[in-house]
Amino acid sequence: MISVMFERLQERFEEIFKKLKGQGKLTEDNIKDSLRDVRIALLEADVNYRVVKDFLERVKERAIGQGVLTSITPGQLFVKIVYDELRDLLGSSNVPLMLTGSPPHSIMLIGLQGSGKTTTAGKLAIFLRKKGKRPLLVSTDVRRPAAIEQLKKIAAQIDVPFYIPTDKDTPLSICSGSKEYAIRNYNDVLVVDTAGRLHVDEDLLNELIEQKGILSPSETLLVLDGMTGQDAVNIAKTFEERVGVTGFVLTKLDGDARGGAALSIKATVGKPIKFIGTGEKLDALEQFHPERIASRILGMGDVISLVEKAKEAIEEKKAKELEKKLLKDEFTLEDFREQLKQIKKLGSMESILGMIPGFSKFKTVIDFQEAEKEFKKMEAIINSMTKKERLYPQIIDGSRRQRIAKGSGTTVQDVNELLRKYSQLKKLVKKISKGQFKGFRPSIFMR
Amino acid sequence: MGFFEKIKNGLKKTRDELKTRIQWALKGTFDESVFLDIEEALILSDCGVETSSKLVQKLREKWKRGQLKDEKDVRLALCELVEEILKEVEKPISIDGVKPFTILTIGVNGVGKTTTAAKIAKTFIDNGKKVLFGACDTFRAAAIEQLSVWAERLGVDIVKHKEGSDPAAVAYDSLKAAQARDIDVVILDTAGRLHTKSNLMEEMKKIKRVVSKELSGAPHEILLVVDATNGQNAIQQVKTFHESLQVSGLAVAKLDGTAKAGFIIHVAEFFKIPIRYVGVGEKLDDLLPFSARDFAKALIEEE
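Chains as they are written, first to last, in our numbering: chain A, 1455 to 1901; chain B, 37 to 339.
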């Protein structure tokens, strides 16, 4: 269903553009229907209605007047604009945990009933331990039956110390008691699991504020069910206003929920989403990557790749350097290998070649799988060379060729073939630098 | 206290919002924009784009036929439309003539299955029935302890095995015990599972198989618990669980916040699964039989 949504979006756009042949620009008129489709996609993904409205306004602003590049279709360009805007709104990168001040630090987990706070507490403890911390797990949930027992069991499972309260303890006495315990036992981070509560429950919100007063946590994370609907905005806003949060954890994203709540809370509260929960197992906690959620919400994983892949995989700098080297005739086997690596990073040959203007015509005549195999072989051969051989290929004699063939699991013929290709490429480079290929820039090929 | 009374406070915010929006819209000329505002309000209640536009379309037709004159008309008409859809699924659970009546509670993680199971037990106990719990959530840490605490508080029997044991075996033993002890209602509380995990759905099917083998006709109720704060994914949950387990009833938990669970309109229309209960609070008594009229009223109309 997800990819269907995207396909429809793109198809529809191509259709509109067919009618508007000759227009190389996105205009208010020709993006109207596509905007409507994006709206439906976002609402179906549970992004808040008002957030969607604002979002579409921004997309419109960004899109109108954009010239369409020859290398991508207008549909792809529009989708890219939507995606970029979504990613920017979600935050440009992952924001790590901030444990400031002197230890022991506290991380408080708050949220509605059943959002996944207790499981997240266990997952966070593992995460912190991996970072070299000595976490202490604490539960102030004296309300839900066996909630404290649950965290105690999780702590035992993952072998993390757990603060054991008495029956007479209150949430507040557990807060102060666990802090002292942490100091005595050299635990530098307290992960405090609190009872689930509704954002409309004034008494319980006040209790949370009191707990916060004792713990003065470095992080107060609101744990939110990834399947939450339109109400995500109210939940996040109220917890932020009343209690104050430093970030979010979005859980249960291992299902098929599109996670529109991520966009809703980010747009409304502005605090970063720090982690996402992706499974019942205690290692299923991932740092939040805006790009991934952006694709998920729009349901267009593969598509973006067409436009994005090239940009992300090839660092522009490397391509530029290569271009310079090629032009200066310093193109060594080392560079050749680098180029092969870059191509591999891009993913399938077919997709990169498809990105090169005019290349799509050849799609049917080239056996891409064969070509990729060939690339792998070539890389293996260069890998089996010494650095000196890569820089000065002229020293590669018969016995060296035999050694390289053995090392790379190929034959001497393969090695010869590679050296032949390399010298051909070098010749081509020379021609380019002499201006015999007018307008051709190696970096164009790279991108 | 009725269902409407219970949830009206929680629903007040939206209801007021919806009311204000309609009022605001009607202050101007009564035109198309009114319907856009109604659509917005419905979407904000998690009714979904499709359902919302369909409802609005129907209102629009009524308006064109001259059946709607003022704000009150619009609200009443919308309320009637929603009630009409929900009326079909307003069917309370009936245990008459079946003993032990076996209920299998299922749902995704954290929706409130165990709490709902305890609340359901309370309704039967209040009617003089003997209830037994089967602690089939052998997966989640301390899930067995959680149900045990409820069993103790309610004074009902519980059948439990060790954590990590086979849930189907617990179900089997629960039925055996129920038959031996003259129990009226068996409630099997299962582990939360995302509907997308096929292996866990298979495990669920096995529990169902074992139960039906031991007692013909059982489980008499496969009760899917959904979380009112969920959005459109709840529809996906109902669809998938229904496809693999043939859900016979729904319980909507956590309806005491500001979430409206508008998705149940779509669910009612497309799956026609009876809605048995709504959970409206943390106390044991906070479980009420579903009422289409109250739900529609609370969502749209004032008292």
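For glycine and all other residues, C-beta sits at the position ideal for the given N, C-alpha and C.
In this structure, what does DSSP give as the bridge partners for residue i?
i: GLN1741 of chain A; result: A:PHE1729
i: GLU257 of chain B; result: B:ILE139
i: HIS1559 of chain A; result: A:VAL1643
i: PHE1616 of chain A; result: A:LEU1591
i: GLY315 of chain B; result: B:LEU323
i: GLY170 of chain B; result: B:VAL195 and B:LEU224
i: GLU97 of chain B; result: In DSSP, GLU97 of chain B forms no bridge with anything.
i: ILE1535 of chain A; result: Bridge partners of ILE1535 of chain A: none, in fact.
i: GLU126 of chain B; result: B:ILE311
i: ILE1564 of chain A; result: A:LEU1676
Mark residue i as exposed unless 16 or more other C-beta atoms lie within 10 angstroms of its C-beta, in which case mark it buried.
i: ARG176 of chain B; result: buried
i: LYS1606 of chain A; result: buried
i: GLY1586 of chain A; result: exposed
i: ARG101 of chain B; result: exposed
i: ASN1837 of chain A; result: exposed
i: GLU1664 of chain A; result: exposed
i: ILE1768 of chain A; result: At ILE1768 of chain A the pLDDT is 40, less than 50, meaning the model places this residue with poor confidence; the figure from the coordinates comes in the next sentence. Flag for ILE1768 of chain A reads buried.
i: ARG312 of chain B; result: buried
i: GLU257 of chain B; result: buried
i: ASP82 of chain B; result: buried
i: SER1670 of chain A; result: exposed
i: ASP1679 of chain A; result: buried
i: LYS1507 of chain A; result: exposed
i: GLN1567 of chain A; result: buried
i: ALA289 of chain B; result: buried
i: MET37 of chain B; result: Summary for MET37 of chain B: the model assigns pLDDT 49, below 50, so the residue's position carries little reliability; its value from the coordinates is reported in the next sentence. With fewer than 16 other Cβ atoms within 10 Å, it is exposed.
i: ILE1758 of chain A; result: Note that ILE1758 of chain A scores 47 on pLDDT, short of 50, meaning its location in the model is unreliable; the coordinates nonetheless yield the value given after this. Result: buried.
i: GLN273 of chain B; result: buried
i: GLN1604 of chain A; result: buried
i: ASN163 of chain B; result: exposed
i: LEU324 of chain B; result: buried
i: ASN1660 of chain A; result: exposed
i: LEU1872 of chain A; result: buried
i: ASP1500 of chain A; result: buried
i: MET1434 of chain A; result: Because chain A is modelled from 1455 through 1901, residue 1434 of chain A falls outside the range shown and cannot be assessed.
Compare the beta carbon distance of residue i and residue j with 9 Å and say whether it is the shorter of the two.
i: ILE1719 of chain A; j: ALA1748 of chain A; result: no
i: ASP220 of chain B; j: PRO128 of chain B; result: no
i: LEU230 of chain B; j: LEU224 of chain B; result: no
i: ALA171 of chain B; j: SER184 of chain B; result: yes
i: ASN269 of chain B; j: VAL147 of chain B; result: no
i: ASP193 of chain B; j: VAL167 of chain B; result: yes
i: ALA332 of chain B; j: GLU188 of chain B; result: no
i: LEU286 of chain B; j: ILE309 of chain B; result: yes
i: LEU1752 of chain A; j: TYR1537 of chain A; result: yes
i: ASP1595 of chain A; j: ILE1602 of chain A; result: yes
i: SER1560 of chain A; j: GLU1673 of chain A; result: yes
i: MET1832 of chain A; j: LYS1875 of chain A; result: yes
i: ALA247 of chain B; j: THR152 of chain B; result: According to the sequence provided, residue 247 of chain B is Val. The question's Ala does not apply to it. It is not a contact, given that the beta carbons lie outside the stated cut-off.
i: ASP1480 of chain A; j: PHE1532 of chain A; result: The question names Asp, but residue 1480 of chain A in the sequence shown is Leu. Contact flag set, yes.
i: LEU1949 of chain A; j: VAL1697 of chain A; result: In the structure displayed, chain A extends from 1455 to 1901; residue 1949 of chain A sits before or after that span and is not available.
i: LEU1707 of chain A; j: GLY1714 of chain A; result: no
i: ILE1727 of chain A; j: LEU1739 of chain A; result: no
i: VAL1513 of chain A; j: ARG1588 of chain A; result: no
i: LEU291 of chain B; j: LEU140 of chain B; result: no
Could you round the C-beta distance between residue i and residue j to whole angstroms and report it? I think they count as a contact, below 8 Å.
i: GLY228 of chain B; j: GLY143 of chain B; result: 6 Å
i: GLN1878 of chain A; j: VAL1866 of chain A; result: Not quite, the Cβ-Cβ distance comes to about 19 Å (not below 8 Å), so this is no contact.
i: ASP321 of chain B; j: LYS158 of chain B; result: 7 Å
i: PRO1744 of chain A; j: LEU1544 of chain A; result: 4 Å
i: LEU1845 of chain A; j: GLU1788 of chain A; result: 6 Å
i: THR1648 of chain A; j: LYS1571 of chain A; result: 7 Å
i: TRP186 of chain B; j: ALA154 of chain B; result: 4 Å
i: ILE243 of chain B; j: THR226 of chain B; result: 7 Å
i: TYR1635 of chain A; j: LEU80 of chain B; result: About 45 Å separates the two Cβ atoms, so there is no contact after all.
Original post:
What beta strand (DSSP E) runs, 3 residues minimum, are completely inside the segment 1658–1723 of chain A?
Top reply: 1673–1679 and 1701–1705
Original post:
Fully enclosed by the segment 234–293 of chain B, which beta strand (DSSP E) runs are 3 residues long or longer?
Top reply: 257–263 and 285–289
Subject >> Uninterrupted beta strand (DSSP E) stretches inside the segment 177–225 of chain B (no shorter than 3 residues) >> reply: 193–195
Original post:
Enumerated in chain order, which unbroken segments of the alpha helix (DSSP H) with a length of 4 residues or greater are wholly contained in the segment 1476–1506 of chain A?
Top reply: 1486–1498
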